[in-house]
Amino acid sequence: MDTALLITQLLNGLQLGVLLFLLAAGLTLIFGIMDFINLAHGSFYMVGAYICGTLVALLDSFVLGVILAIPLTLAVGYVAELVVARTLYARDHLDHVLATFGLILIFDTAVHLFWGAEGMAIPLPDWLNGQIAVSETILLPTYRIAIISVGLAVAVGLYVLVTRTRIGMLIRAGASNRTMVQALGVDIKRLFSLVFAAGAAIAGLAGMMVSPITEASIGMGNDIIIVAFVVIIIGGIGSVKGAFVGALIVGMIDTMGRSYLDQFMKLFMSDQNAETAAPAVSAMLIYILMAAILAVRPQGLFPPRVR
Amino acid sequence: MKKMLLGAALGAVMMAGPAFGASHGEPVKIGFVTTLTTPAAVIGNDMKNAFDLALEHIGGEMGGRKVEVIYEDDGFKPEVGKQASDKLVKQDEVDFVTGFIWSHVLLASSKSVLDSGTFLISANAGPSQLAGKGCHENFFSVSWQNDQTPMALGEALNANGVNSVYIMAPNYAAGKDMVAGVERTFKGEVKGKDLTKWGADAQLDFSAELAKAKASGAEAIWVFYPGKAGGAFIQQYTQAGLQDSLPLYSVFTVDALSLPRLKDAGLTGVLGSRATQHWSPDLDNEANKKFVTDFLAKYGSYPSFYAQQSYDAMMLIKSAVDAVGGDLSDKDAVRAALAKADFASTRGGFKFGNNHFPVQNFYLREAVEDSEGRWTTKVVSTVYEDHQDPHAADCGM
């Protein structure tokens, strides 16, 4: 096997993995701490991308656009929590699903009205548009390396925040036993708002990072949110570490499936069947993995400790 | 409350007005099924714009009757497209159904339309099924059969001395037809092939596939990515710096919809990439000049081939309705008039084959910058003259 290609594909898998992590981190905290199913989490991914795209066009600077779009997405998340999510925490999961599904439709239509159906291409500055030679034979787009770096930086930042700070302690305590945290006099409402808005901002960041590759488009978050749910189920709901490991596993499996499954399947079926079946099967792989993990370890790989 | 009722009644009278006003009774009804939601709405809107422009150009009339167009959204889903078609033929009782971007949507909808005896005119999708054994006397295409454009591309690759190619296309009906088309005529080696996930949640990140293409050692890459996937593909292709080592050949990917956005994103790497098509905005004929100039003036961008086909669809329908003097009761007469393709097509004239698909020229076009700095396409050479699709022989008509 071609080693250079294998390493390139591993890096591609890593890049997809960290993007999924950015999305899954907020989702797992919101689900874990508030027991709130937020289908509309993907909408923040889309809104972040569109806000960023508009700012980049206005300011003519990608980095500045991203830096300014993060607090704006945070604000959108904060308002969504205040207006919609907060009233629903006490209700059951079906109500969450219904309400946040409605929220998806509202966000999608709002984006359609505001920005049109065309989608939005986000230009990159020249220094991000080139390629970096990782070794003599491996040449990766600079921007993909940038995504990996940003994703890993956020992962480290979240790790420090969750394990080393007072807020992180409250978040972990909230994930373990919400009632007890409340009984100890912590303002749980404020904690919830904070986590929700921060989760939205990180999802928005993921959208900003992905749109120079795929363009921002309506419903872009709805496709990926399902995969993000797979990630948090594999990783264990409520665990940031689980989300990270789950995202990397899913990213790797998806990329490796797309890279090598057709060659593998050609070993035991006709070329033509392998070519048609391989993309279908590789799209299924992560769900097969999720089913297997649910069967063996229903609580996920790294569930938060709960008493 | 009384005021509101009065208002509503007035509104109803006003809406009914044009129908009463038309001296020749009922209008000619045309149903137009396309994608008006999801990101693929970019294509649907372009088709709708062109159809509206065509309606303007014909003065809203054909065969002495008013024309009423009913637009329906297929949501990029075969089942929704079928429902929309059912509604058009059963509830609205339209005389013609046209539009259809997607082969799988057209295949799901064609039975509903054709079983009701309504004329079906595809303004884009050209699945092999409807060109071969499944051809139908009331089905016409003003675009092309899916195989043709990639077949022309295969020939262009041969002519340019390309010996090996890497293939990428979406995994659905048209994607497979396109791949089959290129493989039918390309004489060199296919170094590798990827069919990627398609539909509402289509795969848009092609990092793994591009890495494989690069490692395969092919001399060129050929792709088919219509709509927003095309923009995404080209962005990633340029970001990966492949334009020098792996020249891009494409069909239905680099078009008037993707080029302005690629320009916004500053992806100059796409200029010079080549594609085959039955039409180009710079084709020199009267109908095309009028169409392109007015489209540019009205919408501020070049029309895509989707737009061109939609425009031609309206002109084809008009030619038939004119020929029968607006009397659509004699289906045989209408069919015979349609089959003549007696109108000034923006592609410069064509005739229908036995399967009611156009027999037409195919050109190699290159992405270029025009005198005003807009990105568009220019004809480089003619690959095929009067080309008929390979499935026509299987059609019993």
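Here the protein sequences come in this chain order: A and B. Convert by adding 2 to the 1-based position in the first sequence; the result is the number in the working numbering. Position 115 of the second sequence, counting from 1, maps to 112 under the working numbering, and the rest follow consecutively. Every residue, glycine too, gets a C-beta built ideally from N, C-alpha and C. Predicted model, so just to flag it, every value in this text is computed and none were measured.
- When the alpha-carbon of G78 of chain B is set against those of B:T379, B:T31, B:V187, B:A208, the nearest one is in B:T31.
- Judged by DSSP in its simplified three-state form, Q274 of chain B adopts strand.
- By the rule that beta-carbons nearer than 9 Å mark a contact, T165 of chain A does not touch chain B.
- Q305 of chain B carries a helical assignment under DSSP once its states are collapsed to helix, strand and coil.
- CA-CA distance, T181 of chain A to F194 of chain A, rounds to 13 Å.
- Of the candidates B:V179, B:A210, B:A262, the residue whose Cα lies closest to the Cα of A218 of chain A is B:A262.
- The C-alpha of L8 of chain A is placed about 9 Å away from the C-alpha of S261 of chain A.
- Taking 4 residues as the minimum length, the alpha helix (DSSP H) runs contained wholly in the segment 122 to 166 of chain A are 128 to 131, 144 to 166, in order along the chain.
- When the five nearest sequence neighbours on each side are left out, the beta carbons in the same chain lying within less than 7 Å of the beta carbon of D264 of chain A are those of A276, E277, A280, in order along the chain.
- Nearest C-alpha to T139 of chain A among A:T10, A:G44, A:A294: A:T10.
- Assignment of alpha helix (DSSP H) within the segment 34 to 99 of chain A, counting only whole runs of 4 or more residues, yields 43 to 61, 64 to 85 in chain order.
- Secondary structure note for Q232 of chain B: its alpha helix (DSSP H) is the uninterrupted segment 225 to 236.
- R271 of chain B and A364 of chain B have their C-alpha atoms spaced approximately 7 Å apart.
- Taken in chain order, the whole alpha helix (DSSP H) runs of length 4 or more contained in the segment 314 to 352 of chain B are 328 to 336.
- Assigned with DSSP and collapsed to three states, P167 of chain B falls in strand.
- Within the segment 44 to 71 of chain A, A59 place their CB atoms closer than 9 Å to a CB of chain B, listed in sequence order.
- At a cut-off of 9 Å, the C-beta of N42 of chain B has a neighbouring C-beta in chain A.
- Under the Cβ criterion of 9 Å, V212 of chain A is counted among the residues facing chain B.
- Between L24 of chain A and I204 of chain A, the C-beta spacing is below 9 Å.
- In this structure, A:V233 is the residue among A:G244, A:I150, A:V233, A:G238 with its C-alpha nearest to the C-alpha of I255 of chain A.
- Within chain B, the residues A262 have their CB atoms less than 8 Å from the CB of I124 of chain A, given in chain order.
- If you check the CB distance, A333 of chain B and K348 of chain B do not come in under 9 Å.
- Setting aside the 5 residues that flank it on each side, G266 of chain B is surrounded in the same chain by T235, Q240, each with a C-beta closer than 6 Å to its C-beta; the list follows chain order.
- Judged by DSSP in its simplified three-state form, E277 of chain A adopts helix.
- V77 of chain B: member of the alpha helix (DSSP H) spanning 75 to 87, first to last residue.
- Ranked by Cα distance from M211 of chain A, the options A:G153, A:I134, A:F231 are led by A:G153.
- A direct Cα-to-Cα measurement between A87 of chain A and L335 of chain B gives close to 57 Å.
- Taking A177 of chain A as the centre and dropping the five residues before and after it, the same chain places the C-beta of G34, I35, G240, P306 closer than 7 Å to its C-beta, in chain order.
- Annotation for R362 of chain B: R271, A272, T273, Q274, S277, T374, K375, V376, V377 place their beta carbon closer than 8 Å to its own, counting only its chain and skipping 5 residues before and after.
- Among the residues of the segment 226 to 240 of chain B, those with a Cβ less than 8 Å away from any Cβ of chain A are G228, A229, Q232, Q233, T235, Q236, A237, G238, in the order of the chain.
- With a cutoff of 9 Å on beta-carbon distance, T34 of chain B and F73 of chain B are scored as near each other.
- Under DSSP, H384 of chain B takes part in a beta bridge, and its partners are B:Q357.
- For the pair G158 of chain B and A215 of chain B, the Cα-to-Cα distance works out to about 13 Å.
- One thing to note: A51 of chain A has its Cβ within 9 Å of the Cβ of G206 of chain A.
- With respect to S204 of chain B, G227 of chain B sits apart: the two C-beta atoms are not nearer than 9 Å.
- A distance below 6 Å between beta-carbons, with the five flanking residues on each side excluded, links A135 of chain A to the following residues of its chain, in chain order: L141.
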